[in-house]
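Numbering (UniProt numbering) for the sequence shown: 1 to 282.
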Amino acid sequence: MNASKYKADNAVIPVCFPELAWVLRNLKKYAENLASRFLGTAPSPLVMFSNHLAKLRNDRQAHDEKCDFLQFFKDAEDNTFKGFLNEQVSGKVDVSTIRINKTMAPGETVAQCRFISVAGFDTTANTLALMCDLLSKNEDKQKVLLEEIDSVSSFTYENIHSMKYLHNCIFETLRLQNCLCMEDCLVGPYRFRRGVSIIMDPWSVHHNPKIWGEDVEEFRPERFQSLTTEQLRAFMPFGLGPRQCVGMRFALMEIKLTLCMFLSKYSLRKKDRKDKVGLRRF
C-alpha cells in the first residue's frame, strides 16, 4: 500500500468523525491485523476510491469542453491556463492582475476531488432522513413519487434529472426543514453595529405564510411546479447569489439517486408512536 495514500486515508476519517477519532486510533492496529489476516493486502476503500479518481483524471484531457470541477482542476495543471480570469466583476478589482502562481499537481487534483465527494455528507444524510419521514407521513405524496420512480427504466443522470416530482419533493423538504440553532445563545446586547454582516434566517422566510400561503406548514411538493417571483427569491436552502453552496448540484444528485434506489425496492409508512423502538440482531 502506498504510504502517502495510507496517511491521507487516516487523516480523512478523524476529520469526518471527530468524536470517534480516539476510538479509531485505538482500534487501528487491531483492524490492520484483521484486515491482513482475512483480506490479505487488499487496499482500503478510500485507496480504491483515490485510484478511481486518479484514473478519471488521467482519462480527462486538458482544455476539454466539459464544465465540472475535475475539468477545472485538470486545466489548472497547465501553467498557461487563464480560465479563472473569465469572470466579470463590478468594482475596483482589476481581474487582469490576478494570477495563480502555482499550478495544480496531479496529486492535488485527486485530493480535491476526493474532498468534494465527501464534503457535506451529514447535511445530505439529514435531508434524506427528513424526507423519508415526511413521505411516511404523507402517503399520497409518496405514491405519486413511487409512480414516477417506477416509470423510469434506469437511474441514469439524464433520467434522474428529468424527474420533476422527485425534485419538488426534495425542495419541499428543504423548505420545511432548515438548519436551526440547537442551543440558546447571547450575541452581546443584540446590538448590530454598522458594517456587521447579518445572515438571513431561512427558517422564518421558508415558513412565512405571506410568501408560501396558509398551507405553509404542509408538505406539498406541488407548490414547486409554479413558483412566483417572490417565492423564487425567498427559497434559499443552499444560500443565494455568488456565494451559493458550490456543492448544491452534487448534493441534489446524491439525494435523488439514493431515493430512487431505495424507493424502487421499499415503501415508507409512519410508525405507531406507541411502539417501542429497539435493536434486533440479525
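Cβ coordinates follow ideal geometry from the N, Cα and C atoms, glycine included.
Only a predicted model underlies this, so the values are computations on that prediction, with no experimental measurement involved.
- The C-beta distance from Cys260 to Phe121 rounds to 18 angstroms, too long to meet the 8 angstroms contact threshold.
- Under the DSSP definition of a beta bridge, Gly239 partners with Pro237.
- With fewer than 16 other Cβ atoms from the protein chains shown falling within 10 Å of its own Cβ, Arg269 counts as exposed.
- Spatial neighbours of Met104 in its own chain (CB-CB distance under 6 angstroms, excluding positions within 5 residues in sequence) are listed in chain order as Phe73, Ala76 and Glu77.
- Check the Cα spacing between Gln71 and each of Met253, Ser50, Leu146 and Pro106: the tightest is with Pro106.
- Lys55 and His63 have their C-alpha atoms spaced approximately 17 angstroms apart.
- Bounds of any alpha helix (DSSP H) do not take in Pro221, whose DSSP letter is neither H nor E.
- Approximately 7 angstroms separates the beta-carbon atoms of Met236 and Val205; this is inside 8 angstroms, confirming the contact.
- DSSP, reduced to helix, strand and coil, places Thr156 outside both helices and strands of the structure shown, so it counts as coil.
- In its chain, beyond the 5 residues on either side, Leu53, Leu56, Arg57, Phe69, Leu70 and Phe73 have a beta carbon closer than 8 angstroms to the beta carbon of Cys113.
- Under the three-state reduction of DSSP, Val246 is assigned to coil, being neither helix nor strand.
- Sorting Val118, Gln225, Leu174 and Ser226 by C-alpha distance to the C-alpha of Pro202 places Leu174 at the top.
- Between Ile160 and Lys256, the C-beta gap is smaller than 7 angstroms, which places the two residues in contact.
- A residue is called buried when at least 16 other Cβ atoms come within 10 angstroms of its Cβ; Ala125 does not meet this threshold and is exposed.
- In the DSSP assignment, Arg60 falls outside any alpha helix (DSSP H) and carries neither an H nor an E.
- The criterion of a C-beta distance shorter than 7 angstroms is not satisfied by Leu166 and Leu263.
- Under the three-state reduction of DSSP, Ser50 is assigned to helix.
- Taking all protein chains in view, the Cβ of Trp212 is crowded by 16 or more other Cβ atoms within 10 Å, so the residue is classified as buried.
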